[in-house]
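Notes for the one structure printed next.
There are 2 protein chains.
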Amino acid sequence: MESPVVRVGVIGGGFVGAALVQLLCDPTRSEALVDAATATVELVGVAVRDVAKPRPGIGLGLLTTDVDALIASDLDVLVEVAGGIEPARSYVESALKRGISVVTANKALMAESGTQLAQLAHEHGADLFYEAAVGGAIPILRALRSSLAGERITRVMGIVNGTTNYILTKMTTEGSDYGEALREAQALGYAEADPSADVEAFDAAAKVQILSTLAFGTRLGGEEIAREGITGVRIVDVDFAARMGYVIKLVGVAERVGETGISRRVHPAMIPVGHPLASVNGAMNAVFVEGVKSGPLMWLGQGAGGESTATAVLGDVLDAARNRISGRHDVPFTGDRSLHYVPASELSSPFYLSVDVLDRPGVLAEVASVFGRHDVSIQSMDQSGFGDEARLAFLTHEALSADVEATVKELIALESVESVGACIRVIDEGVT
Amino acid sequence: MESPVVRVGVIGGGFVGAALVQLLCDPTRSEALVDAATATVELVGVAVRDVAKPRPGIGLGLLTTDVDALIASDLDVLVEVAGGIEPARSYVESALKRGISVVTANKALMAESGTQLAQLAHEHGADLFYEAAVGGAIPILRALRSSLAGERITRVMGIVNGTTNYILTKMTTEGSDYGEALREAQALGYAEADPSADVEAFDAAAKVQILSTLAFGTRLGGEEIAREGITGVRIVDVDFAARMGYVIKLVGVAERVGETGISRRVHPAMIPVGHPLASVNGAMNAVFVEGVKSGPLMWLGQGAGGESTATAVLGDVLDAARNRISGRHDVPFTGDRSLHYVPASELSSPFYLSVDVLDRPGVLAEVASVFGRHDVSIQSMDQSGFGDEARLAFLTHEALSADVEATVKELIALESVESVGACIRVIDEGVT
Chain S
1204 MESPVVRVGV IGGGFVGAAL VQLLCDPTRS EALVDAATAT VELVGVAVRD
1254 VAKPRPGIGL GLLTTDVDAL IASDLDVLVE VAGGIEPARS YVESALKRGI
1304 SVVTANKALM AESGTQLAQL AHEHGADLFY EAAVGGAIPI LRALRSSLAG
1354 ERITRVMGIV NGTTNYILTK MTTEGSDYGE ALREAQALGY AEADPSADVE
1404 AFDAAAKVQI LSTLAFGTRL GGEEIAREGI TGVRIVDVDF AARMGYVIKL
1454 VGVAERVGET GISRRVHPAM IPVGHPLASV NGAMNAVFVE GVKSGPLMWL
1504 GQGAGGESTA TAVLGDVLDA ARNRISGRHD VPFTGDRSLH YVPASELSSP
1554 FYLSVDVLDR PGVLAEVASV FGRHDVSIQS MDQSGFGDEA RLAFLTHEAL
1604 SADVEATVKE LIALESVESV GACIRVIDEG VT
Chain C
1204 MESPVVRVGV IGGGFVGAAL VQLLCDPTRS EALVDAATAT VELVGVAVRD
1254 VAKPRPGIGL GLLTTDVDAL IASDLDVLVE VAGGIEPARS YVESALKRGI
1304 SVVTANKALM AESGTQLAQL AHEHGADLFY EAAVGGAIPI LRALRSSLAG
1354 ERITRVMGIV NGTTNYILTK MTTEGSDYGE ALREAQALGY AEADPSADVE
1404 AFDAAAKVQI LSTLAFGTRL GGEEIAREGI TGVRIVDVDF AARMGYVIKL
1454 VGVAERVGET GISRRVHPAM IPVGHPLASV NGAMNAVFVE GVKSGPLMWL
1504 GQGAGGESTA TAVLGDVLDA ARNRISGRHD VPFTGDRSLH YVPASELSSP
1554 FYLSVDVLDR PGVLAEVASV FGRHDVSIQS MDQSGFGDEA RLAFLTHEAL
1604 SADVEATVKE LIALESVESV GACIRVIDEG VT
């Protein structure tokens, strides 16, 4: 039987776009692609800014600069791997309004406009898939959407930024300080010349938006994610964490708080060495999901890279093709189940604090009394001296963030306290 | 809008069946279930052997002993969580022939008859889903079927039996010997009174059948899986592995060998401590997948337990319901892409061998010369003496299994060799 044809257009000829074209055009894969798509996937064209630029792996005949003509050429599926908010959003909207299914790897666009775009897709009988927007090759979004659709998820916690994980891994395993590790990441191409999107956790926050939407039905493009990057993590904190049986990771978290609350945040956290996330090193990504009945689940894989990301895009293309052939589309997540956002200040957890003080009698008692006044109980303390100063490292019992913040504020005001070097949340639940 | 109804019947009222019924009847989940199923999921009945037996969580009005009547009651989806080959297979066939989609957790049935049942489902326009048959709550099968459908997978390697992983973890972390660890697993309910299905790796072999089918299109119920259990793993081997930077795990492997070869096997293996599978401990399961473009991916979660397994069954039920509503079914894997099975004896890898010898001059040279005669090159050696004997532990360079087997055979025949205690394959590739 002759298989039906699904026409695919691609916007973007960068690493991901080129890798996708190679996957679609690889003759050794064509039989498997037809099986998986239940159709022949025909690549119609690849829209790029500059046709003259050499793009190994993309046939010249496929290249075009005319995105509108590509969208208008009777497409079934549009792949958007160009990135950025505009003009990507306009192209995606234009395609969806024509009933063309869209596959995108664009986390910034989805975090900002995902809910509206999903609604638009639904109205026009099209699919909007974005597996590659979180965790590169890791098929976590489809799992949340489909396999875990009936489960009550309590927490999604991920290492979703490879650059910061590379830097923190370097600091942990080689004792590099933050600046050295960052420069090495830049030299290797893991970090941009301006690394702020990664190290200030904007990238991870967009991914938390997307994960939170699929796990809890929160709206994309809603309230901001509480965000703290890794620029304040010092080698002394990494060393202290190791001595206490922890590693410091930048985690993105979306979790239930009580019956109707949701906390969404990105911050460095101390993770027990036995936790599955603790051994996720280098540029690897991982997402750890806890459900009421499923128990803990974790997905691990390469979070970046053109080829691995392209496999996630391809999975979406095949899914969209199957839907196309059977004349259906996936229903988007249902937004806003009357959940409210709980600010980070209202959360409780153990904390690690490092305080530099003048090394003189009575200082520890003075510092400890500040903790006590704010109901922050100390689990353990570690002191190291250097010259006239001493560094006190505290691990608290579970304490309210607002109380810890108040403690820090009062500590800084003390004449005997030089500085509060770090205040890092501790993730303390084990996994059986 | 009134949502359509999908009628679901369940065969089996054990742990998984009861947990599934609770999930389907939980009022706090009903809204989410309707969203995910695009329909109201109506539980029609639960077929059990003995209606009188107390089954907490299953309403008495749902129970029946008449499976045929349940199947005949205009079902959309039949869930089979009773286990065993017969009568489960007859019930599944009967349902599929009526065009009823089937969701099963029955790994033995799928390993034996999966290809025929999938074909039967396809002929009658029904789905056959079995996510819970491998890795409990871990949604690995849907990922292989869908997200990775366009990827060329090179290897699937999993810790897919919780009982043996519990025993090996006990031996590794607490120095228990095999017998102690097994008895403890039995006392905790992780191992059966007759543990052979687990410790002799029959259970893991069935799961390798299923994984291999989805990853490579091999036929279910085809040739046997090469199978070696954990009964021969001794605490001395575990200790030696630790000293060399490895842990011993029972792994199920399905991998490409060359262009058209497939190796499928279950055996204890030495895994480098830095490998993601090495830190999968206790009763946890994990599946590690390597693809040409995706790079390494890993799924981790609870491999057993009624509630966690029920979440996987529920995911399948919702998927089958969505398909039902949109009038389509998933196309089953395409079997037999002219692959041939490569026997384990034709594979190469490094090996660990432990040899007990009489402690007298010249023995090491004699033993080493046997290795050399069979082209097995030694990477490192570790000797420990006890009384008149000595134990030699060898780590070889990559060697052909058949050559290693021949080496073992000749070693055993030596007058100075008391016994060859262990011969364990080493998985030596790292993950970046």
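If you're matching them up, the sequences are chains S and C in order.
Each position in the first sequence, counted from 1, maps to that position plus 1203 in the working numbering.
Each position in the second sequence, counted from 1, maps to that position plus 1203 in the working numbering.
We treat Cβ as the ideally placed atom computed from N, Cα and C, and that holds for glycine.
Judged by DSSP secondary structure, S/Ile1370 falls within the alpha helix (DSSP H) whose first and last residues are 1365-1377. Close to chain S, meaning a Cβ-Cβ distance shorter than 7 Å, is no residue of the region 1447-1476 of chain C at all.
Under a 10 Å Cβ-count criterion, C/Pro1553 is classified as buried, with 16 or more other Cβ atoms of the shown protein chains found around its own Cβ. Taking C/Gly1506 as the centre and dropping the five residues before and after it, the same chain places the C-beta of Gly1338, Gly1339, Gly1365, Asn1488 closer than 6 Å to its C-beta, in chain order.
Interface annotation, S/Thr1514: in contact with chain C, CB-CB separation under 7 Å. When the beta-carbon positions are compared, C/Leu1417 and C/Leu1344 come within less than 7 Å of each other.
With fewer than 16 other Cβ atoms from the protein chains shown falling within 10 Å of its own Cβ, C/Arg1563 counts as exposed. In its chain, beyond the 5 residues on either side, Val1402, Glu1403, Ala1404 have a beta carbon closer than 6 Å to the beta carbon of C/Gly1432. Taking C-alpha positions only, S/Lys1496 is separated from C/Arg1467 by approximately 32 Å. When rounded, the separation of the alpha-carbon atoms in S/Glu1383 and S/Thr1434 is 12 Å.
With respect to chain C, the C-beta atom of S/Gln1389 has no partner C-beta closer than 7 Å.
Neighbours of C/Val1534 in chain S, taken as residues at a C-beta separation under 9 Å, are given in chain order as Asp1238, Ala1239, Thr1241, Arg1525.
Distance between C/Val1492 and C/Gly1455, taken at the CA atoms: about 12 Å. Between S/Val1516 and S/Val1306, the C-beta gap is smaller than 7 Å, which places the two residues in contact. In this structure, C/Ile1303 sits near C/Leu1278, with a CB-CB distance shorter than 7 Å.
Inter-residue distance for S/Asp1442 and C/Lys1310 is about 47 Å (C-alpha atoms, whole angstroms).
Per DSSP, reduced to three states, the secondary structure at S/Leu1331 is strand. Below the 7 Å Cβ cutoff, chain C contributes Ser1497, Gly1498, Leu1500 as neighbours of S/Ala1340, in chain order. By the Cβ rule, the region 1205-1213 of chain C counts as touching the region 1277-1293 of chain C, because three or more pairs are nearer than 8 Å. At least one CB atom of chain C sits nearer than 7 Å to the CB of S/Glu1354.
According to the DSSP assignment, C/Leu1500 belongs to the beta strand (DSSP E) that extends over 1498-1505. With a cut-off of 8 Å on Cβ pairs, the region 1570-1589 of chain S is not in contact with the region 1515-1533 of chain S, counting fewer than three such pairs. Under the criterion of beta carbons closer than 8 Å, S/Gly1286 and S/Leu1265 do not qualify as touching, at roughly 20 Å. Around S/Glu1426, no beta-carbon contact reaches into chain C at under 8 Å, the shortest distance being about 22 Å. Within the DSSP bridge table, the entry for C/His1543 names C/Gly1464 as partners.
Proximity of the region 1388-1395 of chain S to the region 1460-1475 of chain S falls short of the contact definition, fewer than three beta-carbon pairs being nearer than 8 Å. By the rule that beta-carbons nearer than 7 Å mark a contact, S/Pro1207 does not touch chain C. Within 8 Å of the CB of C/Ala1222, the CB atoms of chain S belong to Lys1496, in sequence order along the chain. Rounded to whole angstroms, the Cβ separation of C/Gly1518 and C/Pro1259 is 24 Å, and the two are not in contact under 8 Å. Taken through DSSP and simplified to helix, strand or coil, S/Asp1585 comes out as strand. The Cβ atoms of S/Ala1523 and S/Asp1330 lie closer than 7 Å to each other. Annotation: C/Gln1319 has no Cβ neighbours in chain S at a cutoff of 8 Å; minimum Cβ distance is about 19 Å. For C/Gly1509, the uninterrupted alpha helix (DSSP H) run begins and ends at 1509-1528, by DSSP. Not one beta carbon of chain C lies nearer than 7 Å to the beta carbon of S/Gly1286. For S/Val1579, the number of other beta carbons within 10 angstroms of its own is at least 16, and it is reported as buried. Using beta-carbon distances, C/Arg1531 counts as an interface residue toward chain S, with a partner under 7 Å.
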